[in-house]
Amino acid sequence: MQVMGTDDQAHSDVLCARLAERWPDRYSGWEPAQLAAALKPYRVQTHQVWAEGLDGARANRRGVRRADLIAVLDGPVDP
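Laid out in structure tokens, this is it:
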């Protein structure tokens with residue numbers, strides 16, 4: 785959740801950049817497809833989201849919603 789910052793939704797490439805900045809040994813070089821694959825086992829899907837991109841311009845691109853992450857954290861744990 786730290787890499788979401790205060791954003792309600794964020795583009796996947798922005799999240800990859802934030803992950804790489806925070807934990808470079810683990811996430812350096814990650815692409816949006818790798819992020820989507822890592823989130824899939826937790827049933828978090830990427831969606832079209834309107835958010836600020838790496839260049840600072842707002843656009844509609846694939847990304848993650850904070851609500852989807854919170855739902856996973858608050859949801860039941862699989863046995």
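Add 784 to a position in the sequence shown, counting from 1, and you land on the number used in this note's numbering.
Virtual Cβ for every residue (Gly too), placed ideally from N, Cα, C.
Given a threshold of 16 other Cβ atoms within 10 Å of its Cβ, counted over all protein chains shown, does Val798 qualify as buried or as exposed? buried
May I have the straight-line CA-CA distance separating Gln793 from Gln829, to the nearest angstrom? 12 Å
What are the boundary residues of the beta strand (DSSP E) that includes Glu836? His831 to Glu836
Straight-line Cα distance separating Lys824 from Leu853: 11 Å
Quick check on Arg827: buried or exposed, where buried means 16 or more other Cβ atoms within 10 Å of its Cβ? exposed
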